[in-house]
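Reading through the structure tokens given below for one structure.
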């Protein structure tokens, strides 16, 4: 059985997504750490869907050499913790809101770009002969019992933009629901890790593509006409990648404070339970609550069954009572039992992280230096945002004007609504940290009462200068102490008992519980060890 530190080399949490059942991590392609300086045309930072797809599109279409850098192992981040929805219907951020923010023309470009992504996943899976359960299907939005019916308004907005949508005042969905529905056709779904493993297997065979894992991005600067990208290997050795262009596709760009502070960082929860193969229609399903519930079906290892996958219960990163984490899974199961009574026992449960911004669309493309590109702010649609980002960035590197470049530009200015939302987001990030700090009043005497494989933030008279400590006790009773201050902007981290991680409420950085290593940016390094046990754990990880 892998230790918690080993688990965080391959995942961003200790829970196991359903994708592991049919595409285990042992089947993922493996790459070595960078052991010497190297050079390339394009350096891509990040081994999730945005980074892998961008590397593929650049290599395939521009025939440029590509180096991909990943701090841990490929697919160790949030891509493998999604639910495989491919949506152009933008169910999280209504089109009537996008029209207010970007105008009808901008909202239509948003739809067209996401529809491109839905289709492009299918095209790539066929190009490379990847069996990843890709299929087209309708998506339906239903009205949550306690919510107003805004589906008619959304239907009218989708019709203005030319979406293949329909409104039904009363439709049966699942076992219980009968009421208004909004249907958007030509949506998609797939098995995200099977798909990306297939792309990586193709890329690994190409002579102008190289990936390095256990290699963490540190910084970059322009020197002598080239970008000099500083990285650290697993051994802590410093190396440099010299490149013409850099694509930062690591979910959160570590250098871009201006983007970090105007986004929300959310945890989302998912369960998967078996149902008979023909028990329910194959659709994508959402309700109109905020946060909303999202549902799909996926293959089961038993051909007579399939998995019913239900997600939702989103909340701000690090802002949760310790008992509340587990309750999110219970709430999802209760909703599933009520609406899909044929579901069996829950076999998988996991959580993931979503980066949201006030404007409803990701930031993609050129940022700062003319050869620097970023992808961030997925708004719950990371799979389509990551795919369309690859198209935008590939075009920009080639010097080709992309029709969607302006609405996704990191430097964009929304028509209305978005600016006020940005200010509110930045203010909320500060307020939620203050609220959390009020709760951190645990004394050092509680260390003895810590259960094995659990952690607490300690703030009391015996801590060094009253500095808060993140204290973890392993299964053998060994106690590791780290600074509880996030190395990004000194927010105080919180213990996440579900994923066995330290989560920063400020800007969503996350760290392995036992090792303190960074598993989610914008932080670029791990928590600082404060005792010998913590130093030993940090040395055995990619904590650099």
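Numbering (my numbering), first residue to last: 38 to 581.
Cβ coordinates follow ideal geometry from the N, Cα and C atoms, glycine included.
What you are looking at is a predicted structure, and each value in this text was computed from that prediction instead of being measured.
Measuring CB to CB, does residue i end up less than 8 Å from residue j?
i           : j           : result
residue 567 : residue 491 : no
residue 533 : residue 362 : yes
residue 102 : residue 290 : no
residue 125 : residue 431 : no
residue 120 : residue 346 : yes
residue 540 : residue 355 : yes
residue 535 : residue 508 : no
residue 283 : residue 308 : no
residue 140 : residue 113 : no
residue 74  : residue 277 : yes
residue 170 : residue 227 : yes
residue 286 : residue 88  : yes
residue 135 : residue 441 : no
residue 324 : residue 95  : no
residue 510 : residue 489 : yes
residue 380 : residue 330 : no
Name the DSSP bridge partner or partners of residue i?
i           : result
residue 548 : 539 and 555
residue 324 : 179
residue 533 : 538
residue 75  : 278
residue 247 : 104
residue 413 : 400
residue 434 : Residue 434 is not bridged to any residue.
residue 80  : 104 and 283
residue 343 : 312 and 336
residue 257 : 266
residue 224 : 174
residue 208 : 216
residue 393 : 301
residue 419 : None; residue 419 has no bridge partner.
residue 122 : 226
residue 349 : 306
residue 252 : 270
residue 494 : 507
Whose CA, out of the options, lies closest to the CA of residue i?
i           : options               : result
residue 172 : 225, 131 and 122      : 225
residue 350 : 565, 334, 367 and 342 : 367
residue 241 : 375, 88 and 66        : 66
residue 557 : 440, 494, 396 and 390 : 390
residue 352 : 545, 437 and 335      : 545
residue 222 : 495, 204, 216 and 229 : 204
residue 91  : 434, 555 and 526      : 434
residue 256 : 409, 54, 153 and 325  : 409
residue 518 : 525, 115, 494 and 336 : 494
residue 305 : 393, 94 and 95        : 393
residue 584 : 175, 282, 528 and 398 : In the structure displayed, the chain extends from 38 to 581; residue 584 sits before or after that span and is not available.
residue 143 : 158, 329 and 397      : 397
residue 273 : 426, 259, 191 and 253 : 253
residue 110 : 133, 131 and 82       : 82
residue 382 : 370, 348 and 489      : 370
residue 372 : 332, 60 and 46        : 332
residue 131 : 395, 496, 503 and 406 : 395
residue 238 : 162, 330 and 213      : 162
residue 68  : 47, 570 and 564       : 47
residue 181 : 149, 153, 425 and 217 : 217
residue 50  : 511, 548, 413 and 93  : 548
residue 516 : 574, 167 and 528      : 574
Please check the pair residue i and residue j, which I expect to be a contact at CB under 8 Å, by giving their CB distance rounded to whole angstroms.
i           : j           : result
residue 280 : residue 78  : 7 Å
residue 177 : residue 210 : 6 Å
residue 71  : residue 270 : 6 Å
residue 542 : residue 522 : Contact doesn't hold; Cβ gap of about 12 Å is too wide.
residue 191 : residue 133 : 6 Å
residue 201 : residue 116 : Not quite, the Cβ-Cβ distance comes to about 27 Å (not below 8 Å), so this is no contact.
residue 375 : residue 213 : 6 Å
Could you check whether the Cβ of residue i sits closer than 7 Å to any heavy atom belonging to the ligand MG?
i          : result
residue 87 : Looking for the ligand MG in the displayed structure turns up nothing, as the structure carries no ligands at all.
**OP:** Determine contact between the region 307-321 and the region 338-347, defined as no fewer than three beta-carbon pairs at a distance below 8 Å.
**Re:** With the cut-off at 8 Å, the region 307-321 and the region 338-347 touch.
Subject >> Stretch-stretch touch, CB-based, cutoff 8 Å, three pairs: the region 393-404 with the region 437-449 >> reply: The region 393-404 is in contact with the region 437-449.
**OP:** Specify whether the region 194-213 and the region 93-100 touch according to this definition: at least 3 beta carbon pairs, one from each stretch, less than 8 Å apart.
**Re:** With fewer than three CB-CB distances shorter than 8 Å, the region 194-213 does not count as touching the region 93-100.
Original post:
Should the region 547-557 be called in touch with the region 41-61, which here means at least 3 C-beta pairs below 8 Å?
Top reply: The region 547-557 makes contact with the region 41-61: 3 or more CB pairs, one atom from each, lie closer than 8 Å.
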